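Sequential numbering from 57 applies to the sequence shown in my numbering.
Yeah, the Cβ is synthetic: ideal placement off N, Cα and C, and Gly gets one too.
Just so you know, these numbers come straight off a predicted model, no measurement behind them.
The structure under discussion appears below in the form of structure tokens.
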Amino acid sequence: MRAVKSRDTGPELQLRRFLHRKGYRYNIHVSTLPGKPDLVFRSKRKVVFVNGCFWHGHKGCSRARIPKENSLFWTKKIDSNTKRDRENYATLRQLGWKTMIVWQCQLKDEYSNLTKVVEFLEE
Ligand SMILES: [Zn+2]
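See the structure below:
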């Protein structure tokens with residue numbers, strides 16, 4: 057587990073390089089949109105979030121396990137993160153953006169998950 061919420065993490069960079077090679081162009085970490093989406097495809101009106109499993113509370117994921125120490129603190133913290141995430145996704149939807157969530161653990165070694173993002177962009 058990383059102690060800080062980091063940007064430009066390995067899996068996210070991997071995804072970005074992959075999409076760039078495929079010819080997609082996008083903006084990253086767009087702070088003017090709810091939740092500051094990691095990748096924004098303006099012309100398609102689609103956004104992709106690359107979520108860290110721990111901070112965004114990936115259900116059932118081994119990387120999202122709450123530490124035994126200070127577990128109440130962490131539970132509350134992650135709950136408020138996921139609540140905020142849901143609100144951001146809902147607001148984006150209302151604004152007409154299509155949203156895809158990619159979990160970091162899914163990007164780790166599975167090529168098929170990269171192509172799922174392409175499918176999302178092309179649908
Ligand atoms: Zn995960």
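Cβ neighbour criterion (16 or more within 10 Å) applied to residue i
| i | result |
| --- | --- |
| residue 105 | buried |
| residue 57 | For residue 57, the predicted structure reports a pLDDT of 47, less than 50, and the residue's modelled location is therefore unreliable. The matter cannot be settled from this model. |
| residue 94 | buried |
| residue 116 | exposed |
Option nearest residue i by Cα separation, candidates the options
| i | options | result |
| --- | --- | --- |
| residue 162 | 118, 100, 89 and 86 | 118 |
| residue 81 | 168, 158 and 99 | 99 |
| residue 139 | 123, 113, 154 and 69 | 113 |
Limits of the unbroken alpha helix (DSSP H) element including residue i
| i | result |
| --- | --- |
| residue 148 | 127–150 |
Start-to-end residues for the beta strand (DSSP E) that takes in residue i
| i | result |
| --- | --- |
| residue 164 | Residue 164 -> no beta strand (DSSP E), and no H or E assigned at all. |
Do the stretch 131–138 and the stretch 165–179 touch if we need at least three Cβ pairs shorter than 8 Å?
Counting Cβ pairs under 8 Å, fewer than three are found: no touch.
Under 7 Å from any heavy atom of ligand 1, by CB: list those residues in chain order, please.
After applying the 7 Å Cβ criterion, the set is 109, 114, 117, 119, 120, 159, 160, 161 and 162.
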